[in-house]
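The numbering of the sequence shown is my numbering, which starts it at 594 and goes up by one. Glycine residues also receive a C-beta, built at the ideal position from the N, C-alpha and C atoms. As the structure is a computational prediction, the values presented were derived from the model and not from experiment. This report concerns only the one structure given below.
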Amino acid sequence: MEYLSLWGQLKGIQIIGTGDFTHPGWMKELREKLEPAEEGLFKLKDEYAKAVEPELPAACKGTIRFMLTVEISNIYKRHDRVRKVHNVVFAPHFDAAEKIRSKLGDIGNLCADGRPILGLDTHDLLEIVLESDPLSYLIPAHIWTPWFSMLGSKGGFNSMEDCFGDLTQHVFALETGLSSDPLMNWRLSQLDHCVLVSNGDAHSPQKIGREATIYDAEFSYPAIYDALRNPQTNKGLVGTLEFFPEEGKYHYDGCRHCSQRLHPKETIKLKGKCPGCGKDITVGVMARVEELADHEEGRKSPNWRPYYSLIPLPEIIADTKGMGVNSKAVQSEYQNLLSKAGNEMAILFDLPLDEIQKASNSLIAEGVRRVREGNVNIAAGYDGEYGTI
């Protein structure tokens with residue numbers, strides 16, 4: 594938890610999901626290291642926050658709060674097809690989290706992974722969540738990813754109602770994922786009643802903030818719930834920060850084994866078969882949106898919010914140096930820039946370019962300028978391979 598707090602501050606994120614509250618070991622750590630803050634939110638106890646203070650530049654110090662969350666991989670059979678759907682579950686307090694954990698523990702092994710894999714219908718998961726507390730809720734994760742999502746081409750459904758049935762009205766927010774942006778999602782009227790959110794993942798603390806939701810209202814779980822549930826009257830949800838969708842792992846179609854990156858039109862010409870190995874092409878997000886959309890590009894949904902595209906700062910630095918993101922030179926420059934100029938989000942979106950140049954160099958400042966203006970060239974990601982900038 595200390596390093597989630599540390600990296601949240603380095604990135605400029607203020608509210609972070611805890612990760613898997615169903616895992617016994619992780620739940621023990623959550624109870625040990627967190628204490629109540631605002632209603633339904635938690636903060637790191639001082640003794641643990643102080644442990645990582647030496648690694649935190651003064652310019653990045655900020656407020657960090659945690660929400661109790663878990664991402665669950667639902668793998669089950671429905672209508673003679675195997676469905677694979679990832680969902681993020683939110684609980685307003687430990688009692689609700691324990692109720693969910695207890696019921697899921699009767700269904701599958703909660704100790705094997707930080708994202709439990711359960712043979713449980715998504716509809717039934719939602720039912721368990723709703724029964725735990727009136728403020729518990731579920732958000733379908735990265736809804737277009739081919740293999741593991743609500744609308745994915747391989748393991749998903751063609752509509753929300755197909756997935757959630759009579760409980761569809763209880764799903765009021767959707768996560769865009771790295772390979773889609775709001776503009777793509779607004780093309781489907783079936784999603785109009787939902788707000789769109791974006792999240793980074795917790796595969797490692799450094800990945801926090803690759804995407805984020807902009808929230809500008811009261812810090813409390815009920816207030817956040819209301820902003821998601823009632824976007825017409827509660828304007829606390831301001832917008833989202835998004836990957837350029839082309840950089841996501843599943844934007845284009847393709848076959849990674851044969852290094853075949855394909856525009857959806859090429860897939861149609863090839864009749865869905867890889868020209869290298871002859872196997873089925875993995876259909877990406879762009880093609881899947883086109884298949885299900887009932888509006889042309891450019892349309893906005895009734896609950897639309899603005900969004901802003903970003904490229905993570907380490908990637909910008911790496912591009913200027915011609916080195917890998919994890920190289921010592923790139924990481925050293927990244928930490929140096931944060932110590933002088935503040936957290937990553939402030940640098941990417943707010944800091945004047947001349948101040949970025951003073952704290953680093955003209956190439957990095959120019960890279961930030963181009964990202965802000967959307968002036969980037971990206972070879973689109975496909976079949977599990979990230980796009981390249």
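First and last residue of the alpha helix (DSSP H) that includes residue i?
i	result
Lys692	Phe687 to Gly698
Ala952	Leu946 to Ala952
Ile940	Glu937 to Phe942
Pro857	Pro857 to Lys862
Lys747	From DSSP, Lys747 is part of no alpha helix (DSSP H); its letter is neither H nor E.
Spatial neighbours of residue i within its chain, please: C-beta separation below 6 Å, excluding the five flanking residues on both sides.
i	result
Thr656	Gln607
Ser894	Trp779 and Asp785
Arg854	Tyr845, Gly847 and Tyr975
Tyr901	Leu834
Near residue i, what residues of its chain come up, given a Cβ to Cβ distance below 7 Å and the 5 sequence neighbours on each side ignored?
i	result
Gly960	Ile909, Asp912 and Thr913
Lys604	Ile801, Gly802, Asn936, Glu937 and Met938
Arg963	Val969
Glu978	Lys842 and Arg849
With DSSP run on the structure shown, which of helix, strand or coil describes residue i?
i	result
Thr981	strand
Glu622	helix
Tyr818	helix
Tyr845	strand
Glu664	strand
Lys636	strand
Pro650	coil
Glu835	strand
Thr875	strand
Ala911	helix
Gly758	helix
Asp706	coil
Ile721	helix
Gly680	It is worth fixing the name first, because residue 680 is Asn in this sequence and not Gly. Three-state DSSP puts Asn680 in a strand.
Just checking my contact of residue i with residue j at CB under 8 Å: how many whole Å lie between their CB atoms?
i	j	result
Glu631	Phe812	5 Å
Ala642	Leu661	Ala642 to Leu661, Cβ: 19 Å. No contact.
Lys896	Cys787	Checking the sequence shown, residue 896 turns out to be Asn, not Lys. Indeed they touch by this definition, with Cβ atoms about 7 Å apart.
Leu703	His616	6 Å
Gly707	Trp737	Rounded, the Cβ-Cβ distance is 23 Å, inconsistent with contact.
Between the beta-carbon of residue i and the beta-carbon of residue j, is there less than 9 Å?
i	j	result
Thr860	Leu830	no
Gly758	Val675	no
His679	Pro733	yes
Tyr730	Ala690	no
Phe687	Arg658	no
Asn792	Glu754	no
From which residue to which residue does the beta strand (DSSP E) around residue i run?
i	result
Ser797	It is not in any beta strand (DSSP E) - Ser797 carries neither H nor E in the DSSP assignment.
Ser996	One cannot answer for residue 996 here, as it falls past the ends of the chain, which runs 594 to 982.
Take residue i and list the residues in its own chain whose beta-carbon comes closer than 8 Å to its own, dropping the five residues that flank it on each side.
i	result
Val645	Glu595, Tyr596, Ser598 and Leu599
Asp571	This structure cannot settle anything about residue 571, because the visible part of the chain is limited to 594 through 982.
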